[in-house]
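Trainee: Line by line, the protein sequences give chains U and X. Everything in the first sequence is counted per the numbering used here, starting at 274 for the first residue and increasing by one. Everything in the second sequence is counted per the numbering used here, starting at 274 for the first residue and increasing by one. Don't be surprised by glycine CBs; every beta carbon is placed ideally from N, CA and C. Treat the numbers as computed from the prediction; the structure is a model and nothing was measured.
Number of protein chains: 2
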Amino acid sequence: MLVTLDNLESLLSALEQSDSLEGMQRVIEALRAHYGVAHLVYHWVDSRGDQYGCGTYSDAWRQKYLDETYLRIDPVVQGCYQRFHPVDWKRLDWSSKAAREFAKVAAEYGVGNQGFSIPIRGPNGQFALFTVNDTCDDRTWAGFTQSNRRDLILIAHYFNEKALEFEPARQPGQQQPLSPREVDAMTLIAVGYSRAQIADRLSISEHTLRVYIESARFKLGALNTTHAVARAMSRGLIVV
Amino acid sequence: MLVTLDNLESLLSALEQSDSLEGMQRVIEALRAHYGVAHLVYHWVDSRGDQYGCGTYSDAWRQKYLDETYLRIDPVVQGCYQRFHPVDWKRLDWSSKAAREFAKVAAEYGVGNQGFSIPIRGPNGQFALFTVNDTCDDRTWAGFTQSNRRDLILIAHYFNEKALEFEPARQPGQQQPLSPREVDAMTLIAVGYSRAQIADRLSISEHTLRVYIESARFKLGALNTTHAVARAMSRGLIVV
DNA sequence: TTGCCCCTCCCCATTTTTGGGGAGTAGAAA
DNA sequence: TTTCTACTCCCCAAAAATGGGGAGGGGCAA
Numbered sequence: 274m275l276v277t278l279d280n281l282e283s284l285l286s287a288l289e290q291s292d293s294l295e296g297m298q299r300v301i302e303a304l305r306a307h308y309g310v311a312h313l314v315y316h317w318v319d320s321r322g323d324q325y326g327c328g329t330y331s332d333a334w335r336q337k338y339l340d341e342t343y344l345r346i347d348p349v350v351q352g353c354y355q356r357f358h359p360v361d362w363k364r365l366d367w368s369s370k371a372a373r374e375f376a377k378v379a380a381e382y383g384v385g386n387q388g389f390s391i392p393i394r395g396p397n398g399q400f401a402l403f404t405v406n407d408t409c410d411d412r413t414w415a416g417f418t419q420s421n422r423r424d425l426i427l428i429a430h431y432f433n434e435k436a437l438e439f440e441p442a443r444q445p446g447q448q449q450p451l452s453p454r455e456v457d458a459m460t461l462i463a464v465g466y467s468r469a470q471i472a473d474r475l476s477i478s479e480h481t482l483r484v485y486i487e488s489a490r491f492k493l494g495a496l497n498t499t500h501a502v503a504r505a506m507s508r509g510l511i512v513v
Numbered sequence: 274m275l276v277t278l279d280n281l282e283s284l285l286s287a288l289e290q291s292d293s294l295e296g297m298q299r300v301i302e303a304l305r306a307h308y309g310v311a312h313l314v315y316h317w318v319d320s321r322g323d324q325y326g327c328g329t330y331s332d333a334w335r336q337k338y339l340d341e342t343y344l345r346i347d348p349v350v351q352g353c354y355q356r357f358h359p360v361d362w363k364r365l366d367w368s369s370k371a372a373r374e375f376a377k378v379a380a381e382y383g384v385g386n387q388g389f390s391i392p393i394r395g396p397n398g399q400f401a402l403f404t405v406n407d408t409c410d411d412r413t414w415a416g417f418t419q420s421n422r423r424d425l426i427l428i429a430h431y432f433n434e435k436a437l438e439f440e441p442a443r444q445p446g447q448q449q450p451l452s453p454r455e456v457d458a459m460t461l462i463a464v465g466y467s468r469a470q471i472a473d474r475l476s477i478s479e480h481t482l483r484v485y486i487e488s489a490r491f492k493l494g495a496l497n498t499t500h501a502v503a504r505a506m507s508r509g510l511i512v513v
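(1) Only counting the same chain, and skipping five residues up and downstream in sequence, which positions put a Cβ closer than 7 Å to that of TYR343(X)?
(2) Since I believe HIS500(U) is in contact with ALA469(X) (beta carbons under 8 Å), could you give me their beta-carbon distance rounded to a whole number of angstroms?
(3) Among residues of its own chain, excluding the 5 on either side of ASP457(X), which ones have a beta-carbon nearer than 7 Å to its beta-carbon?
(4) I'd like to know if THR542(X) contacts chain U, where contact means its C-beta is closer than 8 Å to some C-beta of that chain.
(5) What are the residues in the stretch 494-512 of chain X lying within 7 Å of chain U by C-beta distance?
(6) So what does DSSP say about ILE286(U), is it helix, strand or coil?
(7) Nearest-angstrom Cα distance between ALA472(X) and TYR485(X)?
(8) For ILE511(X), I'd like the list of residues in its chain whose CB is within less than 7 Å of its CB, leaving aside the five on either flank, ordered along the chain.
(9) What ranges does the alpha helix (DSSP H) occupy inside the stretch 478-506 of chain U, keeping only unbroken runs of at least 4 residues that lie completely in it?
(10) For ASN256(X), collect the residues of the same chain with a Cβ closer than 6 Å to its Cβ; drop the 5 residues on either side in sequence, then sort them by chain order.
(11) DSSP state of ASN386(X), grouped into three classes?
(12) Tell me the start and end of each unbroken alpha helix (DSSP H) in the stretch 332-368 of chain U that is at least 4 residues and wholly inside, in chain order.
(13) Below 8 Å on the Cβ atoms is my guess for SER390(U) versus PRO359(U); work out the distance and round it to an integer in Å.
(14) Is LEU437(U) close to the ligand ATP? I mean its beta-carbon at under 7 Å from any heavy atom of the ligand.
(15) Locate the beta strand (DSSP E) running through ASN406(U), then write down its first and last residues.
(16) Sorted by chain position, which residues of the same chain lie with C-beta nearer than 7 Å to GLY352(X)'s C-beta, five sequence neighbours on each side aside?
(17) Could you please give the first and the last residue of the uninterrupted beta strand (DSSP E) stretch that includes VAL378(U)?
(18) Identify the contact partners of HIS430(U) in chain X, using a Cβ-Cβ distance below 8 Å as the criterion.
(19) Secondary structure at LEU313(X), three-state DSSP: helix, strand or coil?
(20) Out of LEU339(U), ILE426(U), PHE439(U), ASP411(U), state which residue places its alpha-carbon closest to the alpha-carbon of LEU285(U).
(21) Taking only beta-carbon positions, decide if ARG364(U) is within less than 8 Å of chain X.
(22) Of all the CB atoms in chain X, is at least one closer than 8 Å to the CB of ASP292(U)?
(23) Is THR277(X) close to chain U, meaning its C-beta is less than 8 Å from at least one C-beta of that chain?
(24) Assuming TYR315(X) and GLY326(X) are in contact, meaning their beta carbons sit under 8 Å apart, how far apart are those beta carbons, in whole angstroms?
(25) Using 8 Å for Cβ pairs, my map puts ARG345(X) next to PRO453(U). What's the rounded Cβ distance?
(26) For the candidate residues GLU434(X), PHE400(X), SER478(X), LEU496(X), whose alpha-carbon lies nearest to that of SER293(X)?
(27) State the Cα-Cα distance for the pair VAL349(X) and GLY328(X), rounded to the nearest angstrom.
(28) Hey, does ASN421(X) have any beta-carbon neighbour from chain U nearer than 8 Å?
(29) Which of the residues in the stretch 344-378 of chain X, read from start to end, lie with their CB under 7 Å from any CB of chain U?
(30) For LEU304(U), go through chain X and note every residue whose CB falls closer than 8 Å to its CB, in chain order.
(31) Whole angstroms are fine: how far does the CA of THR481(X) sit from the CA of TYR382(U)?
(32) How should ARG423(U) be labelled, buried or exposed, when 16 other C-beta atoms within 10 angstroms of its C-beta is the threshold for buried?
(33) State buried or exposed for LEU493(X), treating a residue as buried only when at least 16 other CB atoms are found within 10 Å of its CB.
(34) Mind checking whether LEU437(X) and PHE357(U) have CB atoms under 8 Å apart?
(35) Do you know whose CA, among LEU496(X), ARG483(X), THR418(X), VAL318(X), lies nearest LEU402(X)'s CA?
(36) State the Cα-Cα distance for the pair GLN336(U) and VAL405(U), rounded to the nearest angstrom.
In structure tokens:
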């Protein structure tokens with residue numbers, strides 16, 4: 274059951290050489306067979322849906338997931354979004370009614386009872402999950418995840434690296450950077466200060482501050498200040 | 274020069290068992306000796322400074338870095354912030370005057386000419402760097418980084434996992450969830466709509482909408498709507 | 001040198017948001 | 001069953017943000 278170093282090497286190499294989503298799909302299927310688990314999934318988590326995902330879930334489940342916007346209630350997504358370390362599905366919060374319903378439907382669509390998901394984050398707020406899923410008892414699963422934790426982290430990392438390659442918009446350079454003063458302004462707005470307070474704190478006039486805000490809004494293509502803050506945050510231009 | 278699997282295992286285990294920054298510091302020193310490089314550094318990159326860092330740079334350099342707010346001009350930080358994959362310092366943009374000056378000063382403080390940095394991201398926009406630094410020629414360095422790339426990624430991951438453990442504010446939990454309508458409201462605000470537009474889109478009165486926004490603001494402990502959006506985003510309650 | 005971007009300051013009027021109050025329905029949890 | 005939360009609607013006045021204009025000094029790069 275364990276992946277030997279050689280196996281891992283060859284699989285990662287295959288992944289590195291793949292030049293399309295189809296290539297990633299083949300690698301993930303090979304990995305699934307290798308580990309002998311029910312499912313293996315890499316998916317880019319995004320409000321637009323998992324367009325950059327690949328994995329072994331059925332198309333029906335994938336479609337169902339999108340149709341029902343399960344993204345918003347899936348405890349795996351919610352939980353992983355708050356964590357850095359890989360997490361066993363059992364440790365997530367399944368207490369809400371919606372979550373229990375979700376789990377029931379998932380099972381009907383062939384999702385196994387055990388899961389282990391690794392959150393991965395890229396630049397500009399990119400977020401993805403790499404998930405191993407199977408049906409087995411708790412002890413077997415604990416053994417599996419413990420044995421393969423490190424390999425899985427590495428695999429997740431390589432998958433995300435590949436996925437980012439295929440997403441040109443995520444490549445650096447495209448977006449206009451904010452000037453230091455613009456960053457200051459947006460950051461202070463994001464933490465709740467009013468314009469008057471910020472101007473005072475930055476020791477500039479409120480008018481000057483407005484120029485920064487408007488300039489940032491323009492650079493970010495935002496419709497208003499709140500939108501600009503949201504964009505700056507999701508692009509990783511400011512840290513709150 | 275290569276880390277064998279056993280060595281890596283024992284070092285990661287030592288890291289897992291450390292329960293303080295001092296423990297991380299000891300591990301990083303052991304790793305540095307092990308790899309035989311000039312410096313090894315993990316540092317949490319933050320507008321407040323690298324309070325959660327550990328590594329082998331001299332105190333003088335660390336202080337200089339903070340005093341001069343090199344964070345804002347350091348091409349390593351800037352470059353890694355835009356990337357997902359580990360990056361060789363040679364591939365970064367050192368063309369600006371400030372960057373060249375920075376490199377000169379760094380060398381004076383004992384920073385080697387070769388560097389390899391791994392960006393790591395956690396929840397809520399957390400961002401850290403794991404850096405290997407040495408003085409040698411390009412070929413030697415290329416060989417070193419290629420051989421150790423995967424191990425270094427894993428080590429970086431484990432260091433960050435540890436650092437997050439020591440930062441209680443980054444732990445999930447204790448926060449009140451938003452109701453579905455509140456999520457709708459906050460999400461639409463975050464993407465730039467005005468209250469009138471949102472009320473129209475959700476087919477509710479603007480007054481009702483206001484109740485949701487205020488309720489969300491209260492739950493999030495936010496000072497105003499923009500602040501609430503920022504908090505909701507950084508807590509992963511809404512996805513934009 | 002010239003051009004470009006960043007930083008700084010100021011005016012106006014209009015639109016939007018905010019603060020604080022009250023009240024009824026329905027569905028879910030205890 | 002009771003209680004609680006979510007959802008929906010309404011008033012008013014004050015505070016804040018927005019839109020769009022103009023203008024000068026400084027630094028850095030081609």
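Mentor: In terms of the structure at hand:
(1) What you label residue 343(X) is simply residue 70 of the second sequence in a count that begins at 1. Same-chain partners within the cutoff: PHE375.
(2) Locating residue 469(X) in the second sequence gives position 196, where the first residue counts as 1. Locating residue 500(U) in the first sequence gives position 227, where the first residue counts as 1. No, ALA469(X) and HIS500(U) are not in contact; Cβ-Cβ is about 15 Å, not under 8 Å.
(3) As a working mapping, residue 457(X) is identified with position 184 in the second sequence. Cβ within range, chain order: LEU475.
(4) Given that chain X is displayed from residue 274 to residue 513, the structure contains no residue 542(X) and the question cannot be resolved.
(5) ALA495, LEU496, ASN497, THR498, THR499, HIS500, VAL502, ALA503, MET506, SER507, GLY509, VAL512
(6) The residue given as residue 286(U) occupies position 13 in the first sequence. Looking at the sequence itself, residue 286(U) is Ser, so the reference to Ile does not match. Correct three-state label for SER286(U): helix.
(7) Along the second sequence, read from residue 1 onward, the residue named residue 472(X) stands at position 199. Along the second sequence, read from residue 1 onward, the residue named residue 485(X) stands at position 212. Approximately 11 Å between the Cα atoms of the pair.
(8) Translated into positions along the second sequence, residue 511(X) becomes position 238. So the list reads VAL456, MET459, THR460, ALA463, ALA505, once near-sequence residues are dropped.
(9) 479-493
(10) For residue 256(X) there is no data in the structure shown, the boundaries of chain X being 274 and 513.
(11) Start at 1 with the first residue of the second sequence, and residue 386(X) comes out as number 113. Coil at ASN386(X), not helix or strand.
(12) 332-340, 348-354
(13) The residue labelled residue 390(U) in the question sits at position 117 within the first sequence. The residue labelled residue 359(U) in the question sits at position 86 within the first sequence. That belief holds up - the Cβ atoms of SER390(U) and PRO359(U) are roughly 7 Å apart, short of 8 Å.
(14) As presented, the structure is devoid of all ligands, the ligand ATP included, so that no description of it is given.
(15) Taking the first sequence and counting its residues from 1, one reaches residue 406(U) at position 133. Element bounds for ASN406(U): 400-407.
(16) In the second sequence, counting from the first residue as 1, residue 352(X) sits at position 79. Here the set comprises VAL360, LEU365, ASP366.
(17) As a working note, residue 378(U) is residue 105 in the first sequence. Careful: VAL378(U) lies outside any beta strand (DSSP E), inside the alpha helix (DSSP H) at 370-381.
(18) Here the question's residue 430(U) lines up with position 157 in the first sequence. Within 8 Å Cβ-Cβ: ILE426, HIS430.
(19) Counting from one through the second sequence, the residue named residue 313(X) turns up at place 40. In the structure shown, LEU313(X) sits in a strand (DSSP, three-state: E or B).
(20) For the purposes of this step, residue 285(U) is taken as the residue at position 12 of the first sequence. Among LEU339(U), ILE426(U), PHE439(U), ASP411(U), the Cα nearest to that of LEU285(U) belongs to ILE426(U).
(21) For the purposes of this step, residue 364(U) is taken as residue 91 along the first sequence, with counting starting at 1. With 8 Å as the cut-off, ARG364(U) does not count as an interface residue toward chain X.
(22) As a first step, residue 292(U) must be located in the first sequence, where it is residue number 19. It does not: the Cβ of ASP292(U) has no partner Cβ on chain X nearer than 8 Å.
(23) For the purposes of this step, residue 277(X) is taken as residue 4 along the second sequence, with counting starting at 1. For THR277(X), the predicted model reports a pLDDT of 47, less than 50, meaning its position is unreliable and no value from the coordinates is stated.
(24) The residue you call residue 315(X) lines up with position 42 of the second sequence. The residue you call residue 326(X) lines up with position 53 of the second sequence. Right, the Cβ-Cβ distance comes to about 6 Å (below 8 Å), so this counts as a contact.
(25) Here residue 345(X) corresponds to residue number 72 of the second sequence, with the count starting at 1. Here residue 453(U) corresponds to residue number 180 of the first sequence, with the count starting at 1. Indeed, because the Cβ distance is near 7 Å, the residues count as touching under 8 Å.
(26) As a position in the second sequence, residue 293(X) is number 20, starting the count at 1. When only C-alpha atoms are compared, the closest one is GLU434(X).
(27) Within the second sequence, the letter at position 76 stands for residue 349(X). Within the second sequence, the letter at position 55 stands for residue 328(X). Cα to Cα, the separation comes out at about 16 Å.
(28) Here residue 421(X) is taken as the residue at index 148 of the second sequence, counted from 1. False, the Cβ-Cβ gap to chain U never drops below 8 Å.
(29) ARG345, TYR354, GLN355, ARG356, PHE357, HIS358
(30) As a first step, residue 304(U) must be located in the first sequence, where it is residue number 31. Going along chain X, no residue has its Cβ under 8 Å from LEU304(U), so there is no contact; the nearest lies around 16 Å.
(31) As a first step, residue 382(U) must be located in the first sequence, where it is residue number 109. As a first step, residue 481(X) must be located in the second sequence, where it is residue number 208. Their Cα atoms are separated by approximately 38 Å.
(32) Within the first sequence, residue 423(U) is the residue found at index 150, counting from 1. The residue in question, ARG423(U), is buried, as its Cβ has 16 or more Cβ neighbours within 10 Å.
(33) Numbered from 1 along the second sequence, position 220 holds the residue referred to as residue 493(X). It counts as buried.
(34) As a first step, residue 437(X) must be located in the second sequence, where it is residue number 164. As a first step, residue 357(U) must be located in the first sequence, where it is residue number 84. Yes. Within cutoff.
(35) On the second sequence, residue 402(X) is found 129 positions in, with the first residue counted as 1. Residue VAL318(X) is the option with its Cα nearest to LEU402(X).
(36) Along the first sequence, one-based indexing puts residue 336(U) at 63. Along the first sequence, one-based indexing puts residue 405(U) at 132. Rounded to the nearest angstrom, the two C-alpha atoms are 19 Å apart.
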